[in-house]
Amino acid sequence: MVAPTPIPLADGFPDALQALRAQMVDLTLRHVDGDGTSATAISCLQLIKASCSAPKTAPALYEPGLAIVLQGRKKVELGTETLYYDPLHFLLVSMPMLPKGGVIEATPDKPYLCVRIGCDTATLAELMLEVGPAGTDAPPGAQSGLNVAPVSESLLGAALRLMQLLDSPQDQRVLGPLLQREIFYRVLTGPLGPRLRALAQQDSATRRLSRALDELNRRFSEAISIDELAAVAHMSASTLHQRFKQLTSMSPMQYQKQLRLQHARRLMLGHGLDAAAAAHQVGYESASQFSREYRRLFGTPPRADIEQLLRAG
């Protein structure tokens with residue numbers, strides 16, 4: 003499924019959304035720590051800034067949550083599916099995914115700005131009990147772990163109030179979790195609600211698949227068999243393989259390989275490990291195999307890739 007290209011923002015961007023967005027842009031620029039992803043004092047909230055476009059990037063790990071773009075545009079690709087999100091459309095990540103993608107609209111004067119709000123299944127399960135049973139079927143493309151939907155005024159307003167807590171440290175501990183709940187309540191009662199319900203329902207196939215994904219994320223450096231993952235998901239090995247590939251566009255072992263390479267890249271970039279040490283730490287027994295697979299994924303050998311990333315800042 004290929005999502006339609008979003009309409010230009012000039013074509014009638016609602017005034018109410020524009021006013022909320024302007025406040026969120028100001029908060030982001032005041033609290034973001036340069037280009038890249040900035041953690042905040044609110045555990046579920048991250049701020050993202052990019053001063054130039056980078057439309058072609060290697061796969062990256064997307065954790066469960068939603069991304070609200072304030073300026074610019076981004077696209078993500080998962081298998082044959084391409085999704086675009088911008089100030090009119092938010093991205094919902096319902097479980098850990100490894101899509102390709104990149105920022106397609108950003109300049110130094112008007113950088114790409116995005117707010118990421120994480121979620122957890124315990125909070126969603128509590129909300130589902132309070133909201134009650136769903137009255138609609140799953141939206142098209144619900145078998146994917148990535149979905150895009152229009153931003154509503156109520157969702158943006160709740161996200162703004164969460165961001166405003168960055169200026170009120172004394173209120174963060176009490177009000178932060180309440181506003182996180184409100185944000186995902188808005189998603190749960192919106193067009194992508196069935197997607198979140200499927201994740202939170204204990205016996206749903208989506209929830210059982212998410213347990214297999216969690217197991218891979220937790221034990222990515224270990225040798226894990228398909229049979230072990232199938233037991234975690236309470237599925238047959240063949241069913242797990244089929245549904246896992248439908249959800250993530252790759253097999254469980256391909257997913258684990260990409261996880262290992264992603265973590266190795268972080269170890270080399272953030273902790274100064276060389277390729278051999280990083281390869282060993284993420285579970286590779288052969289440094290040469292690691293280098294081959296690293297180059298295949300990122301397009302450059304490990305050392306050259308890290309040097310390029312360090313030069314880029």
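Start counting the sequence shown at 3; every next residue gets the next number (our numbering). Ideal placement from N, C-alpha and C gives every residue a C-beta, glycine not left out. Since this is a predicted model, take the numbers as computed values, not measurements.
For residue i, the three-state DSSP class (helix, strand or coil)
| i | result |
| --- | --- |
| Lys-112 | coil |
| Arg-321 | A question about residue 321 goes unanswered here, because the residues of the chain that appear run from 3 up to 315. |
| Thr-138 | Confidence at Thr-138 is low in this model, with a pLDDT of 49, below 50, so the placement of that residue should be treated as unreliable; the coordinate-derived value is given next. If DSSP states are grouped into helix, strand and coil, Thr-138 belongs with coil. |
| Lys-76 | strand |
| Gly-67 | strand |
| Met-99 | strand |
| Gly-143 | The predicted position of Gly-143 is uncertain, since its pLDDT is 42 and thus under 50; no value can be drawn from it. |
| Glu-320 | Missing from the structure shown is residue 320; the chain here goes from 3 to 315 and no further. |
| Leu-85 | strand |
| Glu-155 | helix |
| Pro-10 | Any reading at Pro-10 must be qualified, since the residue scores a pLDDT of 46, below 50, and its modelled position is unreliable; no value is offered. |
| Glu-224 | coil |
| Ala-56 | coil |
| His-236 | coil |
| Met-130 | helix |
| Ala-18 | helix |
| Met-26 | helix |
| Ala-62 | coil |
| Met-255 | helix |
| Pro-303 | coil |
| Val-34 | coil |
Inter-residue Cα distance where the pair is residue i and residue j
| i | j | result |
| --- | --- | --- |
| Lys-102 | Asp-173 | 37 Å |
| Ser-211 | Phe-246 | Per the sequence presented here, residue 211 reads as Leu, with Ser not at that position. Computed Cα separation, rounded: 7 Å. |
| Asp-139 | Gly-195 | Here Asp-139 scores only 49 on pLDDT, less than 50, and its place in the model should not be relied on; the value that follows carries that caveat. Roughly 9 Å between the two C-alpha positions. |
| His-243 | Lys-259 | 15 Å |
| Glu-217 | Val-234 | 8 Å |
| Leu-181 | Ala-108 | 29 Å |
| Ala-239 | Leu-162 | 44 Å |
| Ala-43 | Thr-208 | 31 Å |
| Val-27 | Ala-52 | 13 Å |
| Ile-70 | Asp-229 | 38 Å |
| Ala-124 | Met-99 | 19 Å |
| Ala-62 | Leu-177 | 31 Å |
| Met-97 | Tyr-64 | 8 Å |
| Asp-276 | Leu-68 | 34 Å |
| Thr-302 | Gln-291 | 14 Å |
| His-265 | Phe-186 | 29 Å |
| Ser-227 | Arg-213 | 15 Å |
| Met-165 | Leu-72 | 13 Å |
| Arg-297 | Leu-249 | 25 Å |
| Gln-283 | Ala-306 | 20 Å |
| Gly-274 | Arg-268 | 9 Å |
| Ile-308 | Ser-206 | 41 Å |
| Tyr-86 | Lys-76 | 6 Å |
| Pro-179 | Asp-122 | 11 Å |
| Met-255 | Tyr-286 | 13 Å |
| Glu-128 | Val-189 | 14 Å |
| Asn-219 | Ser-288 | 21 Å |
| Met-252 | Arg-221 | 18 Å |
| Arg-183 | Glu-132 | 11 Å |
| Pro-66 | Tyr-257 | 16 Å |
Identity of the residues DSSP links to residue i by a beta bridge
| i | result |
| --- | --- |
| Leu-47 | Ile-119 |
| Val-150 | Leu-93 |
| Thr-39 | Ile-50 |
| Val-105 | Lys-76 |
Expected contact under 8 Å - CB spacing of residue i and residue j to nearest Å
| i | j | result |
| --- | --- | --- |
| Ser-146 | Glu-79 | So it is not a contact: roughly 11 Å between Cβ atoms. |
| Arg-23 | Pro-110 | So it is not a contact: roughly 20 Å between Cβ atoms. |
| Leu-160 | Leu-94 | First, the residue type needs correcting, since residue 160 is Ala and not Leu in the sequence shown. The pair is not a contact, with the Cβ atoms about 15 Å apart (cut-off 8 Å). |
| Gly-327 | Ser-154 | No answer is possible for residue 327: it lies beyond the span of the chain, which begins at 3 and ends at 315. |
| Gly-104 | Thr-59 | 4 Å |
| Arg-262 | Ser-223 | 7 Å |
| Val-271 | Leu-311 | Val is not the amino acid found at residue 271; the sequence shown has Leu there. With 8 Å as the limit, Leu-271 and Leu-311 qualify as a contact, their Cβ atoms being about 6 Å apart. |
| Gly-74 | Pro-16 | Rounded, the Cβ-Cβ distance is 18 Å, inconsistent with contact. |
| Leu-148 | Leu-198 | Actually they are not in contact, since the Cβ atoms of Leu-148 and Leu-198 sit about 13 Å apart, beyond 8 Å. |
| Val-117 | Thr-30 | 7 Å |
| Leu-158 | Leu-19 | 6 Å |
| Ile-106 | Pro-57 | 5 Å |
| His-33 | Leu-215 | That belief does not hold up - the Cβ atoms of His-33 and Leu-215 are roughly 31 Å apart, past 8 Å. |
C-beta neighbour in chain C for residue i, strict 8 Å
| i | result |
| --- | --- |
| Gly-192 | In summary, chain C is missing from the structure at hand, where a single protein chain is found. |
Proximity test, residue i beta-carbon vs the ligand ZN heavy atom, cut-off 7 Å
| i | result |
| --- | --- |
| Thr-82 | As for the ligand ZN, it is missing from this structure, which has no ligand bound. |
- What are the uninterrupted segments assigned as alpha helix (DSSP H) that are 4 or more residues long and contained completely in the segment 259-297, given in chain order? You should have 277-283.
- Task: Enumerate, from N- to C-terminal direction, the unbroken alpha helix (DSSP H) stretches of 4 or more residues contained entirely within the segment 179-221.
- Result: Complete alpha helix (DSSP H) runs here, min 4: 195-202, 207-220.
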